[in-house]
Amino acid sequence: MPSLAAAAIIEWNGKILVGKKVEGPHPRNLGGKWHLPGGRLKSGETFETCLKREMMEEAGIEVEPLEVLGIGESRKTDHFVLWFRCRAKSGNIVAGDDLEKAEWVAKEEVDSKCCDESKILWSDELKNYLGIGV
């Protein structure tokens, strides 16, 4: 059965939220690495509900989804992520759940800040939004 997740570009005052996972084992090898926040859907959850729940758990913020930025997929692992562009309702973030750190970075820094393991699931639309060649 495929794994479904929701993840986001979350914006606040021209910056984008990134998070660093806590050290240790992680199903996608993200332990101790930076990524764009998101998480797996729970049974009966919509993508938007999942997204809002995950952002509250991971960074302590409420978000307003603005648009879908495509679907990232790994057919090798049968993992699919629906990407959203969101606006944070506040800039006050607190790393929580499985994050060691959370911070706002400039849009042009996202690609270099995030680890390669997380980029496997970035959609083409997300890469275009960040100004990364597809």
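Numbering-wise, the sequence shown is residues 40 to 173 according to this note's numbering.
Glycine residues also receive a C-beta, built at the ideal position from the N, C-alpha and C atoms.
In the DSSP assignment, what residue or residues form a beta bridge with L56?
-> According to DSSP, L56 bridges with W143.
Classify V120 as helix, strand or coil using the three-state DSSP reduction.
-> strand
C3 - DSSP class collapsed to helix/strand/coil | The chain is shown from 40 up to 173; residue 3 falls before or after that span and cannot be answered.
Would you call the CB atoms of A46 and W143 closer than 8 Å?
-> no
Chain-order list of residues whose beta-carbon lies under 6 Å from that of A127 (same chain, five-residue window excluded) = I49, W51, I100, V102
Which of helix, strand or coil DSSP assigns to V61 = coil
Could you have a look at E84 and say whether DSSP puts it in helix, strand or coil?
-> Looking at E84 - three-state DSSP - the assignment turns out to be coil, as it is neither helix nor strand.
Look at the alpha carbon of V107 and the alpha carbon of R124, and state the distance between them as a whole number of angstroms.
-> One C-alpha to the other measures close to 6 Å.
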